[in-house]
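> Residue numbers (the working numbering): 444 to 777. Please find one structure pasted underneath; my questions will follow.
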C-alpha cells in the first residue's frame, strides 16, 4: 500500500476517534418528541367526568331560610354509578344531581353519599349502569415536577372544560378553612370554582389527582392543588366498602392554634384518653417518641397508628412532664 494511502487512512481514523470522544462528552440529549395531543387526552377522560349541582338550605341575616345552589365536578370510578368528588362540594347539601357527559342528569340517592371531611373526599352513587370509569394512574413513582397535566371539570358551573398546565410541586401540605390537606400535587393548570372534585390527569389520560383547592390572592396565579390518587384511593375504597373511614381514636378535643404542643380542651368520657388519665389543659408533647408541636401534628401521628395499638404519651401538666399509655380504639362512624 502506498504511503499516501496509509497517511490518509490514519488521518480518517484520528478524525473518527476525535469525533467519538467529543460526542461522548456532550450532555445527554433531551427528548424532543412532540407531546401527546391534549385533545386526545380530553377525549379519553371526558366521558368519565361529570358536573355536580347541589342545593342546600341556608339562612339570611334575618334568619329566613333560602335555597343556595352550588356547582362542582366529579369523575366516575365504577361503571355502576359510583362518583368521586370533594367533600366540600356536597357538604350540607339537601339535594344533589349529576350530569353525565351525554347530558343526562340524574339525582343522587342522599342515603348513598359517603364523605370524609378530614381528607376532603366524597363518594356518591347514582342509579346508572354501563358508565365509563376513568383509568387511575400512579401519582408517586411516575410523576415528576414539570410533567404536563390536564385539569378537567365544571368551572363556574358552565359545563365541562379542560385546562392544561404542568406539575409544579409534589407532596405539598396546605391549610384550607382550618383543615390541613396533605400529599397534594401543585399544578399551574387553571383551577376555578366548580373545578373541585374533578380529575387531574396525565398525558395518558389517567387520573393522578383530584382537584381540591387553589390559592386565591391578589397577585397569585397558577397555584392550584389536587389530592394525589395514591393518598386518596385507599380512602375512597373505604368509603365505598364501609361508608366511612376507620381511624384510630384517642378521644380528645384540641385547641386548634396552640403552638407549644397539642393542648387538650376536652376529654371524652370512657375514651382511651380518659382511661389514660389525660385531662383538659394537659399539653401533649410526644406520642411514641415523636415530638408533637401542634394539634394537627398530634392528629396526624394518631392516624399513622393502628386501631388497638398501645401508645406512649408524654404530656405537660402544671409545667411537670408526665408519661402515660393509651390503647387507641376505632373512631365512630360519622
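Just so it is clear, CB atoms sit at the ideal spot from N, CA and C, and this is done for glycine as well.
Does the count of Cβ pairs from the region 564–579 and the region 608–616 closer than 8 Å reach three?
Too few Cβ pairs lie closer than 8 Å, so no.
> Please give me, in chain order, every unbroken run of the alpha helix (DSSP H) with length at least 4 that falls completely inside the region 668–735.
List check, alpha helix (DSSP H) in window: 672–685 and 715–718.
> Could you pull the DSSP bridge partners for residue 758 from this structure?
Locating residue 758 in the chain shown gives position 315, counting from the first residue. For residue 758, which the question treats as bridged, DSSP gives the partners 727 and 765.
> Looking at residue 486 and residue 530, is the spacing between their C-beta atoms short of 8 Å?
Your numbering for residue 530 matches position 87 in the chain shown. Your numbering for residue 486 matches position 43 in the chain shown. Contact: no.
> Going by CA-CA distance only, name the one from 735, 716 and 727 that's closest to residue 758.
Position 315 of the chain shown, counted from the first residue, corresponds to residue 758. Selected option, being the one with the closest Cα: 727.
> For residue 683, I'd like the list of residues in its chain whose CB is within less than 7 Å of its CB, leaving aside the five on either flank, ordered along the chain.
Translated into positions along the chain shown, residue 683 becomes position 240. If we look at residue 683 and ignore the five residues flanking it on each side, its Cβ neighbours are 525 and 566.
> Using a Cβ-Cβ cut-off of 7 Å (strictly less than) and excluding sequence neighbours within five positions of residue 688, which residues of its own chain qualify?
As a working mapping, residue 688 is identified with position 245 in the chain shown. So the list reads 559, 678, 681 and 682, once near-sequence residues are dropped.
> With 16 as the cutoff for other CB atoms within 10 Å, does residue 637 come out buried or exposed?
Numbered from 1 along the chain shown, position 194 holds the residue referred to as residue 637. Buried, because 16 or more other Cβ atoms sit within 10 Å of the Cβ of residue 637.
> Alpha carbon to alpha carbon, what distance is there between residue 513 and residue 498?
Start at 1 with the first residue of the chain shown, and residue 498 comes out as number 55. Start at 1 with the first residue of the chain shown, and residue 513 comes out as number 70. If I take the Cα positions, the gap works out to 6 Å.
> On the three-pair Cβ rule with 8 Å, is the region 685–699 touching the region 742–749?
Verdict: yes, contact present.
> By DSSP's criteria, residue 500 is part of a beta bridge. Which residues make up the other side?
Within the chain shown, numbered from 1, the residue matching residue 500 stands at position 57. In the DSSP output, where bridge partners are listed per residue, residue 500 has 510.
> In angstroms, rounded to a whole number, what distance separates the CA positions of residue 581 and residue 588?
Here the question's residue 581 lines up with position 138 in the chain shown. Here the question's residue 588 lines up with position 145 in the chain shown. Taking the straight line from one Cα to the other gives about 14 Å.
> Restricting to Cα atoms, I'd like to know which of 627, 721 and 591 is closest to residue 770.
Position 327 of the chain shown, counting from 1, holds the residue named residue 770. With distances taken between Cα atoms, residue 770 lies closest to 721.
> Mind checking which residues open and close the alpha helix (DSSP H) that includes residue 484?
The residue given as residue 484 occupies position 41 in the chain shown. 481–488 is the span of the alpha helix (DSSP H), which, as asked, contains residue 484.
> Closest to residue 511 by CA distance: which of 534, 494 and 489 is it?
Here residue 511 corresponds to residue number 68 of the chain shown, with the count starting at 1. Here the closest residue by C-alpha is 534.
> Can you grab the Cα-Cα spacing for the pair residue 740 / residue 706, in whole Å?
By one-based count along the chain shown, residue 740 stands at place 297. By one-based count along the chain shown, residue 706 stands at place 263. Using only the alpha carbons, I get a separation of about 12 Å.
> Can you list, in chain order, the residues of its chain with a C-beta nearer than 6 Å to that of residue 648? Leave out the 5 residues immediately preceding and following it.
Counting from 1 along the chain shown, the entry for residue 648 is found at position 205. Around residue 648: 484, 487 and 488.
> Using a threshold of 8 Å, state whether the C-beta atoms of residue 577 and residue 628 are closer than that.
Taking the chain shown and counting its residues from 1, one reaches residue 577 at position 134. Taking the chain shown and counting its residues from 1, one reaches residue 628 at position 185. No.
> Taking the alpha-carbon positions, what's the residue 645 to residue 598 distance?
If you number the chain shown from 1, residue 645 lands on position 202. If you number the chain shown from 1, residue 598 lands on position 155. Cα to Cα, residue 645 sits roughly 19 Å from residue 598.
> Please give the ranges of any alpha helix (DSSP H) in the region 586–611, keeping only runs that are unbroken, at least 4 residues long and fully inside the region.
Here no run is fully enclosed.
> Considering only C-alpha positions, which residue in the set 708, 686, 713 and 733 is nearest to residue 760?
Taking the chain shown and counting its residues from 1, the one referred to as residue 760 is at position 317. The shortest Cα separation from residue 760 among 708, 686, 713 and 733 belongs to 708.
> Can you list, in chain order, the residues of its chain whose CB lies under 7 Å from that of residue 590, leaving out five sequence neighbours each side?
For this step, residue 590 is matched to residue 147 along the chain shown. Correct list, in chain order: 609, 610 and 645.
> Helix, strand or coil for residue 515, going by three-state DSSP, please let me know.
As a first step, residue 515 must be located in the chain shown, where it is residue number 72. It is a strand residue.
> Could you check the C-alpha separation between residue 492 and residue 600 for me, to the nearest Å?
For the purposes of this step, residue 492 is identified with residue 49 of the chain shown, where counting begins at 1. For the purposes of this step, residue 600 is identified with residue 157 of the chain shown, where counting begins at 1. Cα to Cα, the separation comes out at about 13 Å.
> If distances are taken between C-alpha atoms only, which option among 640, 711 and 521 comes closest to residue 723?
Locating residue 723 in the chain shown gives position 280, where the first residue counts as 1. Comparing Cα positions, the closest option is 711.
> Which of the three DSSP states is assigned to residue 653 in this structure?
As a working mapping, residue 653 is identified with position 210 in the chain shown. In the structure shown, residue 653 sits in a strand (DSSP, three-state: E or B).
> Count the other CB atoms, across all protein chains shown, that sit within 10 Å of the CB of residue 557; report buried if there are 16 or more and exposed otherwise.
Taking the chain shown and counting its residues from 1, one reaches residue 557 at position 114. The residue is buried, with at least 16 neighbouring Cβ atoms inside 10 Å.
> Measuring alpha carbon to alpha carbon, tell me which of 635, 731 and 717 ends up nearest residue 386.
Since the first and last residues shown for the chain are 444 and 777, residue 386 lies out of range.
> Please classify residue 504 as buried or exposed, where buried requires at least 16 other C-beta atoms within 10 Å of its C-beta.
As a working note, residue 504 is residue 61 in the chain shown. That one is exposed.
> Alpha carbon to alpha carbon, how far is residue 763 from residue 518? Give it in angstroms, no decimals.
Walking along the chain shown from the start, residue 518 turns up at place 75. Walking along the chain shown from the start, residue 763 turns up at place 320. Distance between the alpha carbons of residue 518 and residue 763 is about 52 Å.
> Given this structure, state the Cα-to-Cα distance separating residue 549 from residue 643, to the nearest angstrom.
Translated into positions along the chain shown, residue 549 becomes position 106. Translated into positions along the chain shown, residue 643 becomes position 200. Their Cα atoms are separated by approximately 24 Å.
> Just how far apart, CA to CA, sit residue 674 and residue 625?
On the chain shown, residue 674 is found 231 positions in, with the first residue counted as 1. On the chain shown, residue 625 is found 182 positions in, with the first residue counted as 1. Their Cα atoms are separated by approximately 8 Å.
> Just the C-alpha distance for residue 714 and residue 616, rounded to the nearest angstrom, thanks.
On the chain shown, position 271 is the one that residue 714 refers to. On the chain shown, position 173 is the one that residue 616 refers to. Distance between the alpha carbons of residue 714 and residue 616: 30 Å.
> So, helix, strand or coil for residue 740, using DSSP?
Here residue 740 refers to the residue found at position 297 when the chain shown is read from its first residue. Looking at residue 740 - three-state DSSP - the assignment turns out to be helix.
> Short of 6 Å in beta carbon distance, which residues of its chain neighbour residue 767, apart from the five on each side in sequence? Order them along the chain.
By one-based count along the chain shown, residue 767 stands at place 324. Answer for residue 767: 719, 720 and 756, listed in chain order.
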